[in-house]
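Peer 1:
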Amino acid sequence: MKRFTLIFIPYIWLAALFLVPFLIVVKISLSDTALAIPPYKPALDLAQGWAGLMAFLGDLDFENFTFLAEDDLYWKAYLSSLKIATISTILTLLIGYPIAYSMTRAAEEWRPTLLMLIILPFWTSFLIRVYSWMGILGQEGLLNQLLLWLHVISEPLKIMNTPTAVYIGIVYTYLPFLVLPIYAALDKLDDNLLEAAEDLGCSRFKAFWLVTIPLSMNGIVAGCFLVFIPALGEFVIPSLLGGSQTLMIGKVLWEEFFSNRDWPVASAVAVILLLILIIPIILFQRNQQKQRESEG
Amino acid sequence: MAQNGNKQVFSPWTDPSAKPLIQFKNVTKKFGEFVAIDDLSIDIFEREFFALLGPSGCGKTTLMRMLAGFETPTTGTILLSGQDISPIPPNKRAVNMMFQSYALFPHLSIWDNIAFGLRREGGSKDAIAARVEDMLRLTRLTKFARRKPHQISGGQRQRVALARSLAKAPKLLLLDEPLGALDKKLRQDTQFELMDIQEKTGTTFVIVTHDQEEAMTVASRVAVMDEGRMIQVDTPDRIYEAPNSVYVADFIGEVNIIQGSASQSGDTVDITFAEGQPTIRGTTDKKFANGEKIAFAIRPEKVSISAEKPDDMENALQGKILDIAYLGNISTYHVELPNGQIIKSQIANTRRISRRIFTWEDTVWVSFTDTAGILLKV
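As you go down the protein sequences, you meet chains X and C in turn.
Under this note's numbering, the first residue of the first sequence is numbered 8, with each subsequent residue one higher.
Under this note's numbering, the first residue of the second sequence is numbered 132, with each subsequent residue one higher.
1. Under 7 Å Cβ-Cβ, which residues of chain C neighbour V243/X?
2. Find the nearest neighbour of A258/C within the set E358/C, R352/C, K299/C, judged by alpha-carbon distance.
3. Put P151/C into one of helix, strand or coil per three-state DSSP.
4. At a Cβ cut of 8 Å, what residues of the stretch 187-213 of chain X count as close to chain C, listed as they run along the chain?
5. In the stretch 215-232 of chain X, which residues sit with their C-beta less than 7 Å from some C-beta in chain C, listed in chain order?
6. Rounded to a whole number of angstroms, what is the C-alpha to C-alpha distance between F29/X and L86/X?
7. Based on the DSSP output, what are the partners of T414/C in its beta bridges?
8. Is G190/C close to chain X? Criterion is C-beta to C-beta, closer than 8 Å.
9. Is it buried or exposed, Q252/X, if we count other Cβ atoms within 10 angstroms and call 16 or more buried?
10. Check the Cβ-Cβ distances between R251/C and every residue of chain X, and say whether any is below 8 Å.
11. With a threshold of 16 other CB atoms inside 10 Å of the CB of L304/C, please say whether the residue is buried or exposed.
12. If we ignore side chains and look at the alpha-carbon of each, how far apart do F427/C and R360/C end up?
13. Give a yes or no on whether 8 Å exceeds the smallest Cβ distance from S217/C to chain X.
14. Please confirm if P280/C has its CB atom under 8 Å from at least one CB of chain X.
15. Thinking C-alpha only, which one of G56/X, P245/X, P119/X is nearest V173/X?
16. Please list, in chain order, all residues of the same chain as G285/C whose beta carbon is under 7 Å from its beta carbon, the five residues on each side excluded.
17. Would you tell me roughly how many angstroms separate the C-alpha atoms of L182/X and A114/X, rounded to the nearest one?
18. Rank P441/C, G413/C, W242/C, E423/C by C-alpha distance to the C-alpha of T399/C and give the top, closest one.
19. Does DSSP put K156/C in a helix, in a strand, or in coil?
20. Leaving out five residues on either side along the sequence, give the residues of the same chain with a beta carbon under 6 Å from the beta carbon of F203/C.
21. Rounded to a whole number of angstroms, what is the C-alpha to C-alpha distance between D416/C and G422/C?
22. Once you ignore the five residues that flank A214/X on each side, which residues in its own chain have a CB closer than 7 Å to its CB?
23. Using beta carbons (cut-off 8 Å, strictly below), is G163/C in contact with chain X?
24. Can you tell me whether Y138/X is buried or exposed? The criterion is at least 16 other CB atoms within 10 Å of its CB, across all chains shown.
25. Return the CA-CA distance between D169/C and L194/C, expressed in angstroms with no decimal places.
26. Can you check whether the C-beta of N470/C is within less than 8 Å of a C-beta belonging to chain X?
27. Cα-Cα, which of T159/C, F165/C, F181/C is closest to S142/C?
28. Determine whether the Cβ of H341/C lies closer than 8 Å to any Cβ atom of chain X.
29. For the structure I just gave you, are there three or more beta carbon pairs, one from the stretch 269-285 of chain X and one from the stretch 67-75 of chain X, closer than 8 Å?
30. For R278/C, I'd like the list of residues in its chain whose CB is within less than 6 Å of its CB, leaving aside the five on either flank, ordered along the chain.
31. With 8 Å set as the bound, which would you pick, yes or no: does the beta-carbon of M197/C sit closer than that to a beta-carbon of chain X?
32. According to DSSP, simplified to helix, strand and coil, what is K138/C?
33. Consider the Cβ of F201/C: report whether some Cβ of chain X lies at a distance smaller than 8 Å.
34. Check whether the Cβ of P309/C lies closer than 8 Å to any Cβ atom in chain X.
35. I'd like the span of the alpha helix (DSSP H) that includes L88/X, first residue to last.
36. Which residue marks the beginning of the beta strand (DSSP E) containing I256/X, and which one marks its end?
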């Protein structure tokens, strides 16, 4: 009974805060847009009883999903989001892994400080940090001024409002999510294993490749998903740094919802985004479970 | 190797023409100001089972890590088959090591763990498979080949570590506290297994241990170390019966140390150790000055205990039983002499305990022959 209660509480939580809102979004995605408050129809009129419910259900259709499939803006936005999320995950890994690795190689007394430095940016609002990148990357921004002053370039680089700025923003924002799980995995690694690999004929590099990488794979996979999943639906970074050139589904969703006030289409976009995300989320869960099993 | 019939034959360290496999020549290793190895020279011969024995921090692990290549000597040279190995990195040495923690790769199966070193050599698939199967048979692990290290017992993991380090057929195998993680019973069985495998493969073993029984059991020669130096290097029986110092006598097994002043005539020495006590007579081939402070060391099992003063023993001292440590097969009697000196006597319990002759507070005689003990400079 106690066990049941314990499991029950998180399920209630999930049902109330995830499942119910999701079902409401699904319902809206099946509705039609209307000039009303809320801006869609049909509305469920329970006063009419059974007939009202049937009339309500009869008015729901998949029109919006058909529309999404027909208009190439949407699948282009999905593809572009997938591309941006994948590339930025790879970039984050390439930058994050060496950071995590050198943190575990640092002297014992420095590690808490280094860990603190990784977490420190979270103390400032995410929005402010993205805004400050606008100040750095802009035409008259700090980066261009520095490079001009160093005579590395003769004309300011156009970084702001390009995909490059979006990559920089995503890598910067999600780096800690990748560094921390990899650090945790590397920290557990027994140095004797590397010595054993060397003793058995591996060069340092080969030992890294055959021992360190496989044994930190769980951390790598967890970190990559923690970057990829939120990056796919990212809205703030592309809309602030990417300008009109960058097409990302999060931005499309926002525009449908707030600019067009087309709640049904926006909901349909959100439902499909979630369906796309379910695959990596399930893979992530699998990885976590596998990790628990190998430790247990 | 010391335990079987070869013992008389196998003693290359007594043969001046024998070529040592490993030579330490005036090796010193410092970590900052700390001297881990202090001007050490030693020869280790092929097919030897060489044990490094000492308390923690005595430098035995540093010595082993220098052989493996994880540390380099500060001064001096280490030769392997006559070649200076200092510039050779660990992965290029014909030396393998079995780690104290075993250091098995947790992501690889037992089979792949054993094959790990062979694959780095780049032999053919079939040759590697054949060698791995040989190793699995040697260590009786064939059944577990497909399992991961966390799915087998501690004793099996120990054998995997041994198989993995032997797979490349190294000239020299280093074992760092190989049995430290096993319980006592399993450890004793494994000791004999180790000796068996060492004999079968003909590999030279250097083992680091702090367990003196283990060193005595497995090794052809034991080096007792302290503070970066080798105090005595000898066969187990010589280490036990003829220690060269109080340190070695005290470190190996139990011992009674009686300090006194010597008066020598020929090879017999009388030791005056306390007011009102008879002198102790011992024999030696060493020379002591008259009145020199020396130590008389005698093992408890060489001390008899009796109610009446025995006539046939050169040395007999009267005292009172202070304590009895009952260990099942033997009992150790702590007998206090009138001057407060305690003499331990070990008696095999050939009778059931209910029929024991002596008990606490009994006045008894402890006695020993003049050749039973050894005389050492203090």
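Beta carbons are placed, not taken as given, at the ideal position from N, Cα and C, and that holds for glycine.
From a predicted model like this one, the values you see are computed outputs, not experimental measurements.
Peer 2: Per the coordinate set shown:
1. The residue you call residue 243/X lines up with position 236 of the first sequence. At a C-beta separation below 7 Å, V243/X has no neighbours in chain C, since its nearest C-beta there lies roughly 39 Å away.
2. For this step, residue 258/C is matched to residue 127 along the second sequence. Closest option to A258/C, judged by alpha-carbon separation, among E358/C, R352/C, K299/C: K299/C.
3. Residue numbering aside, residue 151/C sits at position 20 when the second sequence is read from its first letter. In the three-state DSSP reduction, P151/C falls in the strand class (E or B).
4. For the stretch 187-213 of chain X, residues whose beta-carbon sits nearer than 8 Å to a beta-carbon of chain C comprise D197, N199, L200, E202, A203, A204, E205, D206, L207, G208, C209, S210, K213.
5. Residues passing the 7 Å Cβ filter: V218, P221, L222.
6. For the purposes of this step, residue 29/X is taken as residue 22 along the first sequence, with counting starting at 1. For the purposes of this step, residue 86/X is taken as residue 79 along the first sequence, with counting starting at 1. Taken atom to atom, the span from the alpha-carbon of F29/X to that of L86/X is near 23 Å.
7. Taking the second sequence and counting its residues from 1, one reaches residue 414/C at position 283. Answer by DSSP bridge pairing, in chain order: T399/C.
8. Taking the first residue of the second sequence as position 1, residue 190/C is located at position 59. For G190/C, the answer is no, since every Cβ of chain X falls outside 8 Å of its Cβ.
9. Counting from 1 along the first sequence, the entry for residue 252/X is found at position 245. It is exposed - the Cβ of Q252/X has fewer than 16 other Cβ atoms within 10 Å.
10. Against the second sequence, residue 251/C aligns to sequence position 120. By this cut-off, R251/C is an interface position.
11. Counting from 1 along the second sequence, the entry for residue 304/C is found at position 173. Buried is the call here.
12. As a first step, residue 427/C is located in the second sequence; it is residue number 296 there, counting from the start. As a first step, residue 360/C is located in the second sequence; it is residue number 229 there, counting from the start. Straight through space, the alpha carbons of R360/C and F427/C are spaced by roughly 24 Å.
13. Here the question's residue 217/C lines up with position 86 in the second sequence. No - not a single Cβ of chain X is within 8 Å of the one on S217/C.
14. In the second sequence, residue 280/C corresponds to position 149, counting from 1. So no, P280/C is outside the interface.
15. One-based indexing of the first sequence puts residue 173/X at position 166. Comparing alpha-carbon positions, the option among G56/X, P245/X, P119/X lying closest to V173/X turns out to be P245/X.
16. Along the second sequence, read from residue 1 onward, the residue named residue 285/C stands at position 154. Excluding positions up to five away in sequence, the list reads A312, L313.
17. Along the first sequence, one-based indexing puts residue 182/X at 175. Along the first sequence, one-based indexing puts residue 114/X at 107. So the alpha carbons of these two residues sit roughly 22 Å apart.
18. Along the second sequence, read from residue 1 onward, the residue named residue 399/C stands at position 268. Ranking P441/C, G413/C, W242/C, E423/C by Cα distance to T399/C puts G413/C first.
19. Taking the second sequence and counting its residues from 1, one reaches residue 156/C at position 25. In this structure, K156/C counts as strand in the three-state DSSP scheme.
20. By 1-based counting over the second sequence, the position of residue 203/C is 72. Residue identity check: residue 203/C is Thr in the sequence provided, not Phe. The beta carbon of T203/C is closer than 6 Å to those of S217 in its chain, skipping five residues each way along the sequence.
21. In the second sequence, residue 416/C corresponds to position 285, counting from 1. In the second sequence, residue 422/C corresponds to position 291, counting from 1. Near 17 Å, if we compare the C-alpha coordinates of G422/C and D416/C.
22. Stepping through the first sequence from its first residue, residue 214/X is reached at position 207. Excluding sequence neighbours, A214/X sits near L201, A204, E205.
23. Walking along the second sequence from the start, residue 163/C turns up at place 32. Taking 8 Å as the threshold, the shortest C-beta distance from G163/C to chain X does not fall below it.
24. The count along the first sequence starts at 1 and reaches residue 138/X at position 131. Here Y138/X is exposed. Its C-beta has fewer than 16 other C-beta atoms within 10 Å.
25. As a first step, residue 169/C must be located in the second sequence, where it is residue number 38. As a first step, residue 194/C must be located in the second sequence, where it is residue number 63. Each residue's alpha carbon lies about 11 Å from the other.
26. Taking the second sequence and counting its residues from 1, one reaches residue 470/C at position 339. Not an interface residue.
27. Taking the second sequence and counting its residues from 1, the one referred to as residue 142/C is at position 11. Just measuring C-alpha positions, the residue of T159/C, F165/C, F181/C sitting nearest S142/C is F181/C.
28. Residue numbering aside, residue 341/C sits at position 210 when the second sequence is read from its first letter. Residue contact check for H341/C against chain X: no CB pair falls below 8 Å.
29. Cβ pair count under 8 Å is three or more, so yes.
30. One-based indexing of the second sequence puts residue 278/C at position 147. Excluding five sequence positions before and after R278/C, the CB atoms of its chain that fall closer than 6 Å to its own CB belong to I241, given in chain order.
31. Counting from 1 along the second sequence, the entry for residue 197/C is found at position 66. No, its Cβ sits nowhere closer than 8 Å to a Cβ of chain X.
32. For the purposes of this step, residue 138/C is taken as the residue at position 7 of the second sequence. Unreliable positioning characterises K138/C in this predicted model, as indicated by a pLDDT of 46, which lies under 50. The coordinate reading is nonetheless provided below. K138/C falls in the helix class under three-state DSSP.
33. For the purposes of this step, residue 201/C is taken as residue 70 along the second sequence, with counting starting at 1. Yes - at least one Cβ of chain X is within 8 Å of the one on F201/C.
34. On the second sequence, residue 309/C is found 178 positions in, with the first residue counted as 1. Chain X places no beta carbon closer than 8 Å to that of P309/C, leaving this residue out of the contacts.
35. Along the first sequence, read from residue 1 onward, the residue named residue 88/X stands at position 81. The amino acid at residue 88/X is misidentified as Leu; the sequence shows Ser. Element bounds for S88/X: 79-112.
36. The residue labelled residue 256/X in the question sits at position 249 within the first sequence. Segment 256-261 is the alpha helix (DSSP H) holding I256/X; no beta strand (DSSP E) there.
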